[in-house]
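What follows is a short report on a single structure.
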Amino acid sequence: MSAPCWPGFGMLLPRGGRAILLRLCEWVESEQPSDLSALYALTQAATEEFNLLEAEFEAAGSEIETVAREEIAEDFWFVASAYGFTDADAEKLIATRDW
Numbered sequence: 062m063s064a065p066c067w068p069g070f071g072m073l074l075p076r077g078g079r080a081i082l083l084r085l086c087e088w089v090e091s092e093q094p095s096d097l098s099a100l101y102a103l104t105q106a107a108t109e110e111f112n113l114l115e116a117e118f119e120a121a122g123s124e125i126e127t128v129a130r131e132e133i134a135e136d137f138w139f140v141a142s143a144y145g146f147t148d149a150d151a152e153k154l155i156a157t158r159d160w
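Put into structure tokens, the structure is as follows:
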């Protein structure tokens, strides 16, 4: 099954978002954060990448929709918990978001 497309935007959000989340996983695996503050630094860097993706949407006259925003936030928490950070604060994971 392929990711959904939005008219005029093709696969920008699904592919771009997937790539950002995969990079976040790579960062966690290579940096091996020892505490939440180190994890938050990595997730907030990935959040900055989503901010840039949102800027691309805005430049095209659109935005990341509310449901997508919630899904992205849940994906960040899923990544954190998958790497053992089950006590991570979902809002702190994406504290630098502009979307």
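The numbering of the sequence shown is our numbering, which starts it at 62 and goes up by one. Beta carbons: idealized from backbone N, C-alpha and C, even for Gly. Predicted, not measured: the structure shown is a model, and the values here were computed from it.
| Asked | Found |
| --- | --- |
| Take Ala-102 as the anchor and find which of Leu-113, Val-89, Glu-119 and Leu-114 has the nearest alpha-carbon. | Val-89 |
| When the Cα atoms are used, what is the spatial distance from Ile-133 to Ala-141? | 13 Å |
| With Ser-142 as the anchor, note down where its alpha helix (DSSP H) starts and where it stops. | 127 to 143 |
| Answer yes or no: do Arg-84 and Ala-116 have a C-beta to C-beta separation smaller than 8 Å? | no |
| Just the Cα atoms here: how many angstroms apart are Thr-147 and Ala-121? | 37 Å |
| Going by CA-CA distance only, name the one from Glu-131, Asp-159, Tyr-144 and Phe-139 that's closest to Ser-91. | Tyr-144 |
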